[in-house]
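All you need for our numbering is the position in the sequence shown, starting with 1, plus 74. Ideal Cβ placement from N, Cα and C applies to all residues, glycine included. These numbers were taken from a predicted model, which means no experiment stands behind them. Notes to accompany the following structure.
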Amino acid sequence: MFGRTSRLRKWLKKPVGVGAMVAVAVLSAGGALAAWGTFSVVIEKTNSLEFCVSCHSMQATVYQEYQNSPHFKNASGVRAICSDCHVPKPFIDKMIAKVTAAKDVYHTVLGTIDTPEKFEKNRLHMAKTVWAKMEATDSRECRSCHSQDAMDVHKQRPKAQSLMAKGMEQGQTCITCHKGIAHKLPDMSSGYRAMLTELKDAAPAKSGSAGTLYAFESTELYSERPEGTPGKGDGTVFPLTEAKVLERQGDFARVEVQGWLQEGAGRLLVAAKARRIFQITMTPKLADSVARQGEAESDPDTGLSWQQASVTGWVKSAAFTADRTALDAYGAEMAGAACGSCHSQPHADHFPANQWIGIIKDMKDSTALSAEDVRYLQSYLQRQAKDMAKHGS
(Lines of atoms letter the chains of each structure in order from A; the text may use other names.)
(Lines give C-alpha, C1' and ligand atoms only; values in the text may rest on other atoms or scores of the structure.)
Protein backbone atom coordinates (compact mmCIF):
# COMPACT_ATOMS: atom_id res chain seq x y z
CA MET A 75 0.00 0.00 0.00
CA PHE A 76 2.79 2.41 0.91
CA GLY A 77 4.45 1.57 -2.41
CA ARG A 78 1.37 2.57 -4.39
CA THR A 79 1.08 5.84 -2.46
CA SER A 80 4.74 6.63 -3.10
CA ARG A 81 4.39 5.97 -6.84
CA LEU A 82 1.28 8.22 -6.98
CA ARG A 83 3.16 11.08 -5.32
CA LYS A 84 6.05 10.76 -7.76
CA TRP A 85 3.64 10.71 -10.70
CA LEU A 86 1.81 13.82 -9.47
CA LYS A 87 5.13 15.69 -9.29
CA LYS A 88 5.70 15.08 -12.98
CA PRO A 89 4.34 17.61 -15.54
CA VAL A 90 1.81 15.09 -16.81
CA GLY A 91 0.47 14.59 -13.29
CA VAL A 92 0.17 18.30 -12.64
CA GLY A 93 -1.57 18.73 -15.98
CA ALA A 94 -4.02 15.96 -15.16
CA MET A 95 -4.87 17.61 -11.85
CA VAL A 96 -5.40 20.96 -13.53
CA ALA A 97 -7.57 19.32 -16.19
CA VAL A 98 -9.70 17.59 -13.58
CA ALA A 99 -10.08 20.85 -11.62
CA VAL A 100 -11.01 22.81 -14.76
CA LEU A 101 -13.49 20.16 -15.88
CA SER A 102 -15.03 19.99 -12.40
CA ALA A 103 -15.35 23.77 -12.20
CA GLY A 104 -16.74 23.89 -15.70
CA GLY A 105 -19.20 21.14 -14.92
CA ALA A 106 -20.29 22.90 -11.76
CA LEU A 107 -20.73 26.19 -13.61
CA ALA A 108 -22.65 24.45 -16.37
CA ALA A 109 -24.86 22.69 -13.84
CA TRP A 110 -25.47 25.94 -11.96
CA GLY A 111 -26.18 27.74 -15.20
CA THR A 112 -28.65 25.06 -16.28
CA PHE A 113 -30.26 25.14 -12.83
CA SER A 114 -30.58 28.95 -12.97
CA VAL A 115 -32.11 28.82 -16.46
CA VAL A 116 -34.64 26.20 -15.33
CA ILE A 117 -35.59 28.28 -12.28
CA GLU A 118 -35.90 31.41 -14.41
CA LYS A 119 -38.01 29.66 -17.03
CA THR A 120 -40.35 28.14 -14.46
CA ASN A 121 -40.84 31.62 -12.98
CA SER A 122 -41.97 33.08 -16.30
CA LEU A 123 -45.55 34.06 -17.01
CA GLU A 124 -45.54 31.88 -20.12
CA PHE A 125 -44.67 28.78 -18.09
CA CYS A 126 -47.21 29.53 -15.36
CA VAL A 127 -50.13 29.84 -17.78
CA SER A 128 -49.08 27.04 -20.11
CA CYS A 129 -51.66 24.65 -18.59
CA HIS A 130 -55.11 24.92 -20.13
CA SER A 131 -56.65 24.90 -16.65
CA MET A 132 -54.87 28.21 -16.01
CA GLN A 133 -55.60 29.70 -19.43
CA ALA A 134 -59.36 29.38 -19.08
CA THR A 135 -59.65 30.60 -15.50
CA VAL A 136 -57.18 32.59 -13.42
CA TYR A 137 -55.18 33.92 -16.39
CA GLN A 138 -58.31 35.54 -17.80
CA GLU A 139 -59.06 37.08 -14.41
CA TYR A 140 -55.48 38.26 -13.97
CA GLN A 141 -55.57 40.07 -17.34
CA ASN A 142 -58.44 42.20 -16.04
CA SER A 143 -56.64 43.12 -12.82
CA PRO A 144 -54.44 46.13 -11.98
CA HIS A 145 -51.52 43.76 -11.50
CA PHE A 146 -51.61 43.06 -15.25
CA LYS A 147 -52.36 46.54 -16.58
CA ASN A 148 -52.26 49.87 -14.74
CA ALA A 149 -51.52 53.57 -15.15
CA SER A 150 -47.86 53.24 -14.12
CA GLY A 151 -47.14 50.39 -16.53
CA VAL A 152 -45.65 48.13 -13.85
CA ARG A 153 -46.70 44.50 -14.18
CA ALA A 154 -46.56 41.81 -11.50
CA ILE A 155 -46.56 38.28 -12.90
CA CYS A 156 -47.51 35.00 -11.21
CA SER A 157 -44.10 34.36 -9.65
CA ASP A 158 -43.96 37.84 -8.12
CA CYS A 159 -46.89 36.90 -5.91
CA HIS A 160 -46.58 33.13 -5.61
CA VAL A 161 -42.83 32.38 -5.56
CA PRO A 162 -40.72 33.52 -2.57
CA LYS A 163 -37.58 35.57 -3.22
CA PRO A 164 -35.35 33.99 -0.48
CA PHE A 165 -33.47 31.04 -2.00
CA ILE A 166 -34.38 28.35 0.54
CA ASP A 167 -38.06 29.30 0.56
CA LYS A 168 -38.02 29.44 -3.23
CA MET A 169 -36.60 25.91 -3.47
CA ILE A 170 -39.20 24.62 -1.02
CA ALA A 171 -41.92 26.23 -3.15
CA LYS A 172 -40.51 24.63 -6.30
CA VAL A 173 -40.42 21.17 -4.72
CA THR A 174 -43.92 21.40 -3.25
CA ALA A 175 -45.19 22.58 -6.64
CA ALA A 176 -44.79 18.95 -7.73
CA LYS A 177 -48.28 18.45 -6.35
CA ASP A 178 -49.58 20.62 -9.20
CA VAL A 179 -48.16 18.12 -11.69
CA TYR A 180 -49.78 15.30 -9.72
CA HIS A 181 -53.20 16.98 -9.79
CA THR A 182 -52.78 17.82 -13.47
CA VAL A 183 -52.37 14.10 -14.15
CA LEU A 184 -55.43 13.37 -12.01
CA GLY A 185 -57.45 16.09 -13.76
CA THR A 186 -58.47 17.67 -10.45
CA ILE A 187 -59.21 21.09 -12.00
CA ASP A 188 -59.18 20.32 -15.72
CA THR A 189 -62.64 21.79 -16.37
CA PRO A 190 -64.12 25.17 -15.33
CA GLU A 191 -66.67 23.30 -13.20
CA LYS A 192 -63.98 21.36 -11.32
CA PHE A 193 -61.94 24.53 -10.91
CA GLU A 194 -64.88 26.40 -9.34
CA LYS A 195 -65.56 23.47 -7.02
CA ASN A 196 -61.99 23.68 -5.72
CA ARG A 197 -61.54 27.46 -5.92
CA LEU A 198 -62.32 28.18 -2.26
CA HIS A 199 -59.94 25.48 -1.01
CA MET A 200 -57.12 26.69 -3.27
CA ALA A 201 -57.70 30.32 -2.29
CA LYS A 202 -57.68 29.51 1.42
CA THR A 203 -54.41 27.62 1.00
CA VAL A 204 -52.74 30.62 -0.65
CA TRP A 205 -54.22 33.10 1.84
CA ALA A 206 -52.95 31.02 4.76
CA LYS A 207 -49.42 30.99 3.30
CA MET A 208 -49.52 34.76 2.83
CA GLU A 209 -50.80 35.30 6.36
CA ALA A 210 -48.00 33.09 7.70
CA THR A 211 -45.30 35.12 5.92
CA ASP A 212 -46.86 38.53 6.68
CA SER A 213 -47.62 38.94 2.96
CA ARG A 214 -43.89 38.74 2.18
CA GLU A 215 -44.35 38.61 -1.59
CA CYS A 216 -46.68 41.63 -1.53
CA ARG A 217 -44.08 43.58 0.42
CA SER A 218 -41.38 42.82 -2.14
CA CYS A 219 -43.09 45.48 -4.28
CA HIS A 220 -45.25 47.45 -1.85
CA SER A 221 -43.44 49.25 0.96
CA GLN A 222 -45.35 50.76 3.84
CA ASP A 223 -42.67 53.43 4.21
CA ALA A 224 -43.09 54.46 0.58
CA MET A 225 -46.88 54.84 0.74
CA ASP A 226 -48.31 58.34 0.52
CA VAL A 227 -51.55 57.67 2.36
CA HIS A 228 -52.75 61.22 1.70
CA LYS A 229 -53.18 60.28 -1.96
CA GLN A 230 -55.55 57.50 -0.99
CA ARG A 231 -59.29 57.92 -0.69
CA PRO A 232 -60.55 58.85 2.80
CA LYS A 233 -62.05 55.41 3.46
CA ALA A 234 -58.83 53.71 2.31
CA GLN A 235 -56.77 56.00 4.56
CA SER A 236 -58.93 55.08 7.55
CA LEU A 237 -58.80 51.34 6.86
CA MET A 238 -55.05 51.37 6.16
CA ALA A 239 -54.31 53.27 9.36
CA LYS A 240 -56.46 50.89 11.39
CA GLY A 241 -54.90 47.85 9.74
CA MET A 242 -51.34 49.05 10.35
CA GLU A 243 -52.16 49.89 13.96
CA GLN A 244 -53.56 46.39 14.55
CA GLY A 245 -50.67 44.67 12.81
CA GLN A 246 -52.78 43.28 10.00
CA THR A 247 -51.18 42.02 6.81
CA CYS A 248 -51.89 42.87 3.17
CA ILE A 249 -53.88 39.74 2.31
CA THR A 250 -56.19 40.33 5.28
CA CYS A 251 -58.06 42.98 3.31
CA HIS A 252 -56.83 42.56 -0.27
CA LYS A 253 -58.22 39.16 -1.15
CA GLY A 254 -59.32 38.83 -4.76
CA ILE A 255 -56.97 41.57 -5.98
CA ALA A 256 -55.74 39.55 -8.97
CA HIS A 257 -58.28 36.75 -9.21
CA LYS A 258 -62.02 36.37 -8.74
CA LEU A 259 -63.01 35.81 -5.14
CA PRO A 260 -64.39 32.32 -4.57
CA ASP A 261 -67.93 31.82 -3.40
CA MET A 262 -67.18 32.23 0.29
CA SER A 263 -70.49 30.61 1.22
CA SER A 264 -69.71 27.34 -0.56
CA GLY A 265 -67.67 26.02 2.36
CA TYR A 266 -70.26 26.46 5.09
CA ARG A 267 -73.16 25.51 2.81
CA ALA A 268 -71.46 22.20 2.08
CA MET A 269 -71.00 21.72 5.83
CA LEU A 270 -74.71 22.39 6.41
CA THR A 271 -75.61 19.74 3.84
CA GLU A 272 -73.36 17.26 5.64
CA LEU A 273 -74.94 18.23 8.96
CA LYS A 274 -78.43 17.57 7.64
CA ASP A 275 -77.43 14.27 6.07
CA ALA A 276 -75.74 13.07 9.25
CA ALA A 277 -78.37 14.38 11.68
CA PRO A 278 -80.56 11.23 11.85
CA ALA A 279 -77.60 9.02 12.73
CA LYS A 280 -76.11 11.58 15.14
CA SER A 281 -79.34 12.31 17.03
CA GLY A 282 -81.24 9.01 16.87
CA SER A 283 -81.05 8.07 20.56
CA ALA A 284 -79.32 11.13 22.01
CA GLY A 285 -80.77 12.71 25.12
CA THR A 286 -79.56 16.22 24.27
CA LEU A 287 -80.02 17.84 20.87
CA TYR A 288 -79.09 21.18 19.30
CA ALA A 289 -81.03 23.00 16.60
CA PHE A 290 -79.01 23.66 13.44
CA GLU A 291 -81.74 25.82 11.92
CA SER A 292 -84.81 27.73 13.00
CA THR A 293 -87.76 25.38 13.42
CA GLU A 294 -91.36 25.38 14.60
CA LEU A 295 -92.29 24.41 18.17
CA TYR A 296 -95.75 22.94 18.82
CA SER A 297 -97.64 22.69 22.10
CA GLU A 298 -99.17 19.41 20.90
CA ARG A 299 -97.72 16.89 18.46
CA PRO A 300 -99.07 17.76 15.00
CA GLU A 301 -101.25 15.29 13.13
CA GLY A 302 -100.83 15.15 9.37
CA THR A 303 -99.07 18.05 7.70
CA PRO A 304 -97.80 20.39 10.44
CA GLY A 305 -98.89 23.99 10.13
CA LYS A 306 -97.75 27.13 11.89
CA GLY A 307 -96.29 26.35 15.28
CA ASP A 308 -96.83 27.95 18.67
CA GLY A 309 -93.26 29.14 18.76
CA THR A 310 -89.93 29.19 16.95
CA VAL A 311 -86.76 27.49 18.17
CA PHE A 312 -83.61 29.39 17.14
CA PRO A 313 -80.31 27.88 15.91
CA LEU A 314 -77.94 26.33 18.49
CA THR A 315 -80.68 26.06 21.13
CA GLU A 316 -80.02 23.10 23.42
CA ALA A 317 -83.01 20.81 23.97
CA LYS A 318 -83.50 17.87 26.34
CA VAL A 319 -85.39 15.00 24.69
CA LEU A 320 -88.38 13.82 26.75
CA GLU A 321 -90.14 11.61 24.21
CA ARG A 322 -89.98 10.55 20.56
CA GLN A 323 -92.87 9.75 18.24
CA GLY A 324 -92.17 9.24 14.55
CA ASP A 325 -90.56 12.32 13.02
CA PHE A 326 -91.21 14.41 16.13
CA ALA A 327 -89.60 14.73 19.53
CA ARG A 328 -91.00 16.27 22.67
CA VAL A 329 -88.29 18.46 24.15
CA GLU A 330 -87.61 20.77 27.07
CA VAL A 331 -85.58 23.95 26.67
CA GLN A 332 -84.11 25.78 29.66
CA GLY A 333 -83.48 29.51 29.64
CA TRP A 334 -84.35 32.90 31.09
CA LEU A 335 -87.32 35.26 30.76
CA GLN A 336 -87.15 39.02 31.23
CA GLU A 337 -89.94 40.52 33.30
CA GLY A 338 -92.43 42.08 30.90
CA ALA A 339 -91.11 40.08 27.93
CA GLY A 340 -92.49 36.64 28.69
CA ARG A 341 -92.71 35.51 25.07
CA LEU A 342 -88.94 35.37 24.51
CA LEU A 343 -86.75 32.74 26.13
CA VAL A 344 -83.03 33.58 26.06
CA ALA A 345 -79.96 31.44 26.80
CA ALA A 346 -78.55 33.38 29.76
CA LYS A 347 -79.62 36.06 32.19
CA ALA A 348 -79.44 39.54 30.65
CA ARG A 349 -78.01 38.11 27.40
CA ARG A 350 -80.32 38.47 24.40
CA ILE A 351 -79.35 35.14 22.86
CA PHE A 352 -82.67 34.05 21.38
CA GLN A 353 -83.75 30.48 22.10
CA ILE A 354 -87.53 30.48 21.63
CA THR A 355 -90.09 33.07 20.61
CA MET A 356 -93.63 32.14 21.69
CA THR A 357 -97.27 32.84 20.97
CA PRO A 358 -99.35 33.94 23.98
CA LYS A 359 -100.75 30.39 24.16
CA LEU A 360 -97.31 28.81 24.52
CA ALA A 361 -96.10 31.56 26.85
CA ASP A 362 -98.91 30.71 29.28
CA SER A 363 -97.53 27.18 29.62
CA VAL A 364 -93.97 28.22 30.51
CA ALA A 365 -92.70 26.71 33.76
CA ARG A 366 -91.02 29.44 35.81
CA GLN A 367 -88.36 28.35 38.28
CA GLY A 368 -87.12 29.95 41.48
CA GLU A 369 -87.19 33.62 42.35
CA ALA A 370 -86.67 36.48 39.92
CA GLU A 371 -83.15 37.96 39.89
CA SER A 372 -82.16 41.54 39.20
CA ASP A 373 -79.36 42.26 36.74
CA PRO A 374 -76.98 44.75 38.42
CA ASP A 375 -75.97 46.39 35.12
CA THR A 376 -79.47 47.19 33.87
CA GLY A 377 -81.74 46.79 36.89
CA LEU A 378 -84.00 44.49 34.85
CA SER A 379 -85.58 41.46 36.49
CA TRP A 380 -84.95 37.96 35.10
CA GLN A 381 -86.29 34.52 35.99
CA GLN A 382 -85.23 31.04 34.98
CA ALA A 383 -87.82 29.06 33.04
CA SER A 384 -88.35 26.04 30.83
CA VAL A 385 -90.46 25.54 27.73
CA THR A 386 -91.79 22.15 26.62
CA GLY A 387 -93.12 21.29 23.18
CA TRP A 388 -92.84 19.18 20.05
CA VAL A 389 -90.30 19.73 17.28
CA LYS A 390 -89.30 17.97 14.07
CA SER A 391 -86.26 15.84 14.87
CA ALA A 392 -84.77 16.52 11.43
CA ALA A 393 -83.88 20.09 12.47
CA PHE A 394 -81.65 18.89 15.32
CA THR A 395 -78.35 17.10 15.82
CA ALA A 396 -76.41 15.84 18.81
CA ASP A 397 -73.08 16.85 17.25
CA ARG A 398 -72.28 20.18 18.92
CA THR A 399 -68.68 20.05 17.65
CA ALA A 400 -69.89 19.97 14.04
CA LEU A 401 -72.23 22.88 14.74
CA ASP A 402 -69.37 24.96 16.13
CA ALA A 403 -67.21 24.10 13.12
CA TYR A 404 -70.06 25.19 10.84
CA GLY A 405 -70.39 28.46 12.75
CA ALA A 406 -66.64 29.10 12.60
CA GLU A 407 -66.62 28.49 8.84
CA MET A 408 -69.54 30.86 8.34
CA ALA A 409 -67.92 33.54 10.52
CA GLY A 410 -64.69 33.28 8.57
CA ALA A 411 -66.50 33.55 5.24
CA ALA A 412 -68.72 36.45 6.26
CA CYS A 413 -66.39 38.40 8.55
CA GLY A 414 -62.92 37.57 7.25
CA SER A 415 -63.07 38.25 3.51
CA CYS A 416 -62.87 42.07 3.66
CA HIS A 417 -61.05 42.73 6.93
CA SER A 418 -59.41 40.97 9.82
CA GLN A 419 -61.94 38.69 11.47
CA PRO A 420 -62.60 39.73 15.08
CA HIS A 421 -62.50 37.00 17.70
CA ALA A 422 -65.94 36.08 18.99
CA ASP A 423 -64.82 36.69 22.57
CA HIS A 424 -63.73 40.23 21.72
CA PHE A 425 -67.27 41.54 22.31
CA PRO A 426 -70.00 40.83 24.88
CA ALA A 427 -73.03 38.84 23.72
CA ASN A 428 -75.46 41.75 23.45
CA GLN A 429 -73.02 43.89 21.46
CA TRP A 430 -72.86 41.25 18.73
CA ILE A 431 -76.49 42.01 17.84
CA GLY A 432 -75.65 45.55 16.69
CA ILE A 433 -72.46 44.47 14.94
CA ILE A 434 -74.26 41.78 12.94
CA LYS A 435 -77.06 44.19 12.07
CA ASP A 436 -74.59 46.78 10.75
CA MET A 437 -72.56 44.30 8.69
CA LYS A 438 -75.12 41.81 7.35
CA ASP A 439 -75.99 43.86 4.25
CA SER A 440 -72.33 43.72 3.18
CA THR A 441 -72.43 39.93 3.08
CA ALA A 442 -74.22 37.23 1.10
CA LEU A 443 -75.82 35.81 4.24
CA SER A 444 -79.47 34.80 4.13
CA ALA A 445 -81.81 35.72 7.00
CA GLU A 446 -81.40 32.19 8.38
CA ASP A 447 -77.61 32.44 8.07
CA VAL A 448 -77.69 35.69 10.04
CA ARG A 449 -79.68 34.05 12.84
CA TYR A 450 -77.20 31.18 13.05
CA LEU A 451 -74.12 33.42 12.90
CA GLN A 452 -75.48 35.75 15.57
CA SER A 453 -76.29 32.87 17.88
CA TYR A 454 -72.87 31.28 17.30
CA LEU A 455 -70.93 34.49 17.98
CA GLN A 456 -73.04 35.39 21.01
CA ARG A 457 -72.49 31.98 22.58
CA GLN A 458 -68.72 32.46 22.12
CA ALA A 459 -68.80 36.03 23.51
CA LYS A 460 -66.46 37.19 26.23
CA ASP A 461 -69.21 37.37 28.86
CA MET A 462 -70.52 33.87 28.13
CA ALA A 463 -67.61 31.70 29.33
CA LYS A 464 -69.04 31.36 32.80
CA HIS A 465 -72.31 30.10 31.34
CA GLY A 466 -70.60 27.22 29.53
CA SER A 467 -72.41 28.03 26.27
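Here the segment 390-406 makes no contact with the segment 345-355; the two share fewer than three CB pairs at distances below 8 Å.
In the structure shown, residue 225 adopts coil according to DSSP, grouped into three states. In this chain, the beta strand (DSSP E) harbouring residue 390 covers 379-390.
Judged by their CB atoms, residue 391 and residue 281 are nearer to each other than the 9 Å cut-off. Around residue 427, the same chain offers 346, 349, 350, 351, 456, 457, 459, 461, 462 as residues with beta carbons nearer than 8 Å, after the five sequence neighbours per side are excluded. Taking residue 130 as reference, the option from 188, 151, 184, 157 with the minimal CA-CA separation is 188. Shown here for residue 317: same chain residues with a beta carbon closer than 6 Å to its own, the five before and five after excluded, namely 287, 329, 331 in chain order. Three or more beta-carbon pairs separated by less than 8 Å are not found between the segment 265-283 and the segment 152-166, which leaves the two stretches without contact. When DSSP states are grouped into helix, strand and coil, residue 309 belongs to the strand group. Residue pairing by DSSP places residue 333 opposite 383 in a beta bridge. With contacts defined as CB atoms closer than 9 Å, residue 293 and residue 311 qualify as a contacting pair. Contact between residue 360 and residue 387 holds: their C-beta atoms lie close to 7 Å from each other, under 8 Å.
Excluding sequence positions up to five before and after residue 182, its CB lies within less than 8 Å of the CB of 129, 131, 188, all in the same chain and listed in chain order. When Cβ pairs closer than 8 Å are counted between the two stretches, the segment 164-181 is seen not to touch the segment 226-234, the count staying below three. For residue 122, the three-state secondary structure derived from DSSP is coil. In this structure, the alpha-carbon of residue 376 lies about 14 Å from that of residue 429.
Taking a contact as a CB-CB distance under 8 Å, the pair residue 265 and residue 411 counts as one, their CB atoms being some 6 Å apart. Here the alpha carbon of residue 277 sits roughly 33 Å from the alpha carbon of residue 339.
Counting only residues of its own chain and dropping the five nearest sequence neighbours on each side, residue 423 has a CB closer than 7 Å to the CB of 458, 459, 460. In the three-state scheme derived from DSSP, where H, G and I count as helix and E and B as strand, residue 449 is classed as helix.
DSSP lists no bridge partner for residue 363. A residue is called buried once 16 or more other Cβ atoms fall within 10 Å of its Cβ, and residue 257 is buried on that count. Less than 9 Å separates the beta-carbon of residue 378 from that of residue 372. Within the DSSP secondary-structure output, residue 318 pairs in a beta bridge with 286, 330. Annotated three-state conformation of residue 206 is helix, per DSSP.
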